[in-house]
Every structure is written in structure tokens, then in C-alpha cells.
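Chains A and B supply the protein sequences, listed in that same order. Sequential numbering of the first sequence, starting at 1371, is according to our numbering. Sequential numbering of the second sequence, starting at 1371, is according to our numbering.
2 protein chains.
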Amino acid sequence: MTIAHARPVDLAAIRAQVDLALEQFWQAKSGSDSELRLPEEVTATLHAFLFAGGKRIRPLLCVLGWLAADGDPEVPSPVVRTAASLEMFHASVLIHDDIIDASETRRDHPTVHRALAVRHRERPDPDRFGSSAAIILGDLAMVWSAELLHTARLSAAQLTSALTVIDAMRADVMYGQYLDLLTTAYPTSDLDRALEIIRFKTVSYTCERPLHLGAALADARPDVRAALSAYARPLGEAFQLRDDLLGVYGDPIETGKSNLEDLREGKHTALVALALQHASTAETTQLRTLLGNPELDADQAATCREILTGTAEPRVEEMIRTRWQQAMLALDHAPFPASVVEALRDVAAAAVARSR
Amino acid sequence: MTIAHARPVDLAAIRAQVDLALEQFWQAKSGSDSELRLPEEVTATLHAFLFAGGKRIRPLLCVLGWLAADGDPEVPSPVVRTAASLEMFHASVLIHDDIIDASETRRDHPTVHRALAVRHRERPDPDRFGSSAAIILGDLAMVWSAELLHTARLSAAQLTSALTVIDAMRADVMYGQYLDLLTTAYPTSDLDRALEIIRFKTVSYTCERPLHLGAALADARPDVRAALSAYARPLGEAFQLRDDLLGVYGDPIETGKSNLEDLREGKHTALVALALQHASTAETTQLRTLLGNPELDADQAATCREILTGTAEPRVEEMIRTRWQQAMLALDHAPFPASVVEALRDVAAAAVARSR
């Protein structure tokens, strides 16, 4: 452990560095776009989406993985840029996910497909245009996330190990998205299936792989990588379980998204699986009628919440608590600098907090 | 020029090698998917799409770029795998493009979103499910195309130069797709705009970058790269101009796609731009009424064709001829092995042929 590590990790400063890297990439693209006679809406729309908010959790974990593996606390620019590429990739996933879920808003702003439909409202079919344009912009964000990484000036060895982690991460989130889509509108009592989706979409994609990516850049020892997994796996589950609760019980003003959508879509979450395990016959019938009803109104949502609270919500809170404790226990034994352990505790606390 | 190069380039053998590389990748994925409890439809659907046809033009040009730069005529496996990654990327582009264009068939088979809608026809909204699932599968194909490249066992120097070409190529096709989308349903007499879309979507994405990718793997001299561009640029334009003609005049049985879709969508092609430049007032009014009408019937399509033939079709044929000659002239002076020149002539002839 070096002296420098004794300083606390400044998460806000890391976030600012990541944002700066994204902004610089944008500036370069905006310049070249006008040369190429490309419509300004391409860069402007992606920029507005990326800077409308977002906790930058994946870039933060990437940098923390670097620091956990004793990477230089003055985080070098190639590492910051690699971390930033994760945020750009995430923008791609969210843009496509919002089309799939037909979401109107994200982070209190119109989603990309909605914003583009409004921008082109004079067209014969603006909704279809918005979705089509958002498919392409999501693709472009994925392409640009790769470019951000490839131009990060990593060493050849760093690039090779980064690509291995990233290929696995990107495939995992697509598998998770597909499983999520398959089960949506068909919720069952299968808790394992719900946890499996979480493992792809959140454990791997949001927590474990970003940490491993940073660790790979620092050529981490196997025990460091194992300790990162021991922390990330329970934390990722806790994070998504909290997200599922917020999706149903959250205050839209605080979370920036509707608390009706998950119910209307009939998402197959751990919360719903547990409810279907423990509900009475009458409650099960009610849930099966209401969940996945795209017209679900506030009263019906309240009925759902009541049943979920009586059957499953405390169980999910208990699952979150257990997993949070496991993550904390993993940190107690982790071979990371003390300042990094502290930062990972802060990240975990924020991830499982009852408000966002 | 080596003795080995005196042998003609066997395009069919290269195509078979590329297909084998794709097939091997698939076998590996199918195995791991069942371990991961992933639905078999993910790999099966992508496999069916990729092997339903396709001329493998980008992989072929990639390998020809390698050979043009004096790469080993016994094409090494990393080069074949890199070429195969282009085809996987192309699958991603086509899957998303078919959603955008609401195409029902491609290569005489249902498009991916249609196939998945049919597979899940018992769902409340199978069409929406099909599009959503196809968005994710297109994303997965893009992720897998990157993995194919990253695991091709290229040298560090080869990987670095390949990534530079590929990043530019991938962004170019997205720009082209976006411009195409913006102008569709709003065709004008702006020929330059139509040629600009062609430059992104076909010249760069289909011809020049694939050739440069192969050349980069062989660490090509600047004069070789320049000669490849001199061939690729006119050829790419000719190729797309022919494709535009086939989209309107082609026999669906031969081309495997509808000859009504471009008219119904109101695609802004060079053919239409020239027609709007040269049509009489009455013809212009007719074209403006008919193009972009999603209900266009066979009689109305015949009227469109008649106007297009009288105003623009011979001009487009002339543009194709000029560009084909330019490409041939570029080959006359190109510093490539003679066998490669011959193969590039064959590719060009196929690209501009009046039937496919």
C-alpha cells in the first residue's frame, strides 16, 4: 500500500474526469460531422442523452478496479477513457432498451426515440421515424464506445486484456436483455430465472465486468480479481433488487422514471416471483390479471403494490440486506488499498439505498 | 510478384473459408449458450439468417485487400477470421435495417423480426416482440463481430491498424443509414445528396474499408492503399447505382427482395433525383404523389417505372458504365499481383451486372 492510497478516493473527481473524456470525444466528433455534412441532430441528440444525468456507476467501478489492483492513484488518461467507453456503451443499451420498453422518459427527459419523434413531428409517421432513428443512434453509440476504447492509448497488453473482458460484458448484457424480453408479460414464480436475468444484466454487466476491466488494465493478480468478484456478485444482485423495488414503489420525481411501467409491462422480477410464490389464490388471480396490463391505472397499481407488500417486499428487503452484508464481508478480507475499500463501501451504500 | 500469385485467386474457396470460420464461431457459441441456459432461439435465429445466403462481398474484398498487398496466398486463419467478422457485422446492420424498413423478407426468407414474431405468435403483441427481439439480436451480432475480430489471433500491430479501419467503417455505415433514413419519404432532385449516402453506405462500408482492412493486415504500402481506393470508389458507386436500379426494376425471384419497397418507402436514390431533375411538370406531380405511398400497387409502380425509364434510367446506366470503366482503369495501373487484378475485375463485373 502506497502513501498516495491513504488519501480518500475522490469519486466526484473521477466522475468529472470521465465526463471530460466524453465531452472531448464529442467535440472532436461534432467538428468532423459538420465537415462530413452530417446532420447536427446526430451528435446533439446523443450528447443531450449522455449528459442528462446518470450516475456513471460503470466508469466509477472500472476506475475503482484499477485502484483496487494498485493502479496509479493519479488515474492515467487511458484508464479514464476506457472507463468513459463503458458509459458510451451503456448509452447504446439504454437507447435501444427504451425503444423496446416504449419508455417515454428517462432521467426526466424524453427518451431518444421520443425526442426524435417530436423533432420530426411533421413527418407522416413520426413515431416510426423516432424508433428507426434511435435504433441507428444506439448503434452509433456502440460503435463510438469501441472507438473511445481503441483510441485510449492503452498498451498492446492492456488492450488485449481489456477486449477480453469487454467482449464478455457486452454479450452478457445482450443475453440478459433477451431473457428479460422473453419473460416480460409472462411473470412466474420462478425466482431462479429472475436471479439469472439479474446475473447477466446487473451482476456481470454493471458491477463485476467493469471492476475486472479496470483491474485488467492494472494487470491485477488473481486474488485481486477474485476479491472483486466476491464483492461484485452480491452487490450486483442487491443493486438490481433495489432497482426492482424502486421501479414499483419509487417516487418518479426522485427516480426520474415512472413507477407504473414495470407493472404495466409485467416484468419478471424477483419481487413478482416471490409474490406469486406466497400469494393466496385470490391474490394470485388479481396479480395475473393486473400485471402486464398496459392500461393499468393508479388504483390498480395500488392494488398490485398492496399484494406485493404483503407477500414479497419484506423478503426482497431481506435479500438486499443479506447480499449487502456479503459484499461488506468480502471487502473486509479484500487485498485492496484501504482508501479503495472505503470507496467501494460508499458505492455499495448508494447502490442499495432506498432512494436514488 | 511471387510464383504462388500466378495461380488464379479462388473466390469460391475464400467464401468457403469465411463460412467455415463463421460456422466454427457458432458451434462454440451454441455450446456455451446451453450451459448458460440461454434460449436456443438466439443462436439458431442468427445462424439461420447468416447462412440463408449473402454474397460475402465484404469478406471477399477484405481477403483481396490482403492479397493485393502481397499477403500470403495461403490466406492465414487470422485474416479469414477478420474477414468473417465483417460478415457478422453486416448481419447486425441488415437485421436493424430490416426493422427500420419494415421489410418482410430478405434473401427469400422472413427477416429476423418477422421470424421472431411468427415464432412468438401466441404473445399479445407478436409484431412488437419481433422488433424488440431483433433489436437485441442485431446488437448481439455487432458484439459478436467484435469478438470474432478480437479472437482472430492477429499480431498487436495488426490488431491496432485493423481497429482503426473498422472504427471508421462502422461509423460510416451508421452515418449513411441515418442520412438514408432522413431523406426517405422526402426524395428530391439533389443528386449530390444521393451520392453522399452512397459514399457512406456503399463506397466506404462495402468496398473501400474492407479492402483497406485486408491491406492493413498485410501492412500495405501507401501506394497499394491508394490504388485500392482508386478502384473501390467508382466501383462502390457503380455497385449501389445498380442496386438502386434492381430495387425498382429487378425480378424479385432473382434478387430475393421486393421491387416495390424502394418506391413505397420513397427512397432518395440517384435514380429518383435524376428523374426529378428531368421530368416534365406533369410527371413530377405524378412521381411526388406515388413515391412514398406505402399502398402503391402494381399499376402505380408501373407508372413510376415508366417515368423513371423515360427520365433517369439511361442516365444511371451511363453513370454505372463510367464508374465501372474508372475502376477498370485503376486496376490497369495498380501495383497488385496479376491474379488479384483479375479477381478484382471479376468482383466488379458481378457488382455491376444487370442480374444478381
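Idealized CB from N, CA, C, for every residue including glycine. Remember, it's a predicted structure, so these values are computed and weren't measured experimentally.
Residue i at chain B interface by Cβ criterion, 8 Å
i         : result
A:Asp1537 : yes
A:His1520 : yes
A:Arg1579 : no
A:His1466 : yes
A:Glu1631 : no
A:Leu1456 : no
A:Ile1506 : yes
A:Pro1557 : no
A:Ser1473 : no
A:Pro1409 : yes
A:Glu1492 : no
A:Tyr1575 : no
A:Ser1709 : no
Residue span of the alpha helix (DSSP H) that contains residue i, given as start and end
i         : result
B:Cys1674 : 1668 to 1681
A:Pro1604 : 1592 to 1619
A:Gly1508 : 1496 to 1520
A:Arg1724 : Note, A:Arg1724: premise wrong, no alpha helix (DSSP H); not H, not E.
B:Thr1746 : In this structure chain B extends from 1371 to 1726, so residue 1746 of chain B is not present and cannot be described.
B:Thr1625 : 1622 to 1625
A:Ser1628 : Run containing A:Ser1628: none; DSSP gives neither H nor E here.
A:Val1488 : 1482 to 1489
B:Pro1580 : 1579 to 1587
B:Glu1653 : 1651 to 1660
B:Gly1546 : 1526 to 1553
B:Val1642 : 1640 to 1648
B:Glu1566 : 1561 to 1568
Alpha carbon of residue i to alpha carbon of residue j, nearest angstrom
i         : j         : result
B:Ala1487 : B:Thr1481 : 10 Å
B:Thr1553 : A:Arg1498 : 14 Å
B:Gly1441 : B:Arg1377 : 14 Å
A:Leu1641 : A:Glu1607 : 12 Å
B:His1466 : B:Ala1418 : 16 Å
A:Glu1712 : A:Leu1699 : 13 Å
A:Leu1581 : A:Val1573 : 11 Å
B:Asp1471 : B:Pro1557 : 16 Å
A:Glu1492 : B:Thr1413 : 40 Å
A:Leu1565 : B:Leu1549 : 41 Å
A:Asp1702 : A:Pro1448 : 30 Å
A:Asp1468 : A:Gln1610 : 18 Å
A:Glu1517 : B:Gln1397 : 29 Å
B:His1645 : B:Gly1435 : For clarity, residue 1645 of chain B is Ala in the given sequence; the question names His instead. So the alpha carbons of these two residues sit roughly 36 Å apart.
A:Ala1721 : A:Arg1612 : 8 Å
A:Arg1451 : A:Leu1392 : 8 Å
A:Pro1707 : B:Val1513 : 34 Å
B:Leu1533 : B:Phe1459 : 13 Å
A:Ala1383 : A:Val1433 : 11 Å
A:Val1379 : B:Leu1430 : 51 Å
B:Arg1691 : B:Ala1723 : 11 Å
A:Arg1563 : A:Gly1424 : 28 Å
B:Thr1673 : A:Val1535 : 56 Å
A:Val1388 : B:Ala1585 : 35 Å
B:Leu1661 : A:Pro1409 : 24 Å
B:Ala1555 : A:Leu1587 : 48 Å
Counted within 10 angstroms of its Cβ, other Cβ atoms place residue i as buried (16 or more) or exposed
i         : result
A:Ala1454 : buried
A:Asp1537 : buried
B:Ser1515 : buried
A:Phe1421 : exposed
A:Tyr1684 : Checking the displayed sequence, the identity of residue 1684 of chain A turns out to be Pro instead of Tyr. A:Pro1684 comes out exposed.
B:Ser1525 : exposed
A:Gly1546 : buried
Min CB distance residue i to chain A below 8 Å
i         : result
B:Asp1509 : yes
B:Leu1390 : no
B:Ile1469 : yes
B:Pro1496 : no
B:Glu1607 : no
B:Arg1540 : yes
B:Ser1531 : no
Closer than 8 Å to chain C by CB, residue i
i         : result
A:Ala1487 : Annotation note: the requested chain C is absent from the structure, which comprises protein chains A and B.
Residue i: CB within 7 Å of a non-hydrogen atom of the ligand MG
i         : result
B:Leu1615 : As for the ligand MG, it is missing from this structure, which has no ligand bound.
Legend entry - Ranges of the alpha helix (DSSP H) found wholly within the region 1381 to 1443 of chain A, counting only runs of at least 4: List check, alpha helix (DSSP H) in window: 1381 to 1405, 1410 to 1420, 1427 to 1438.
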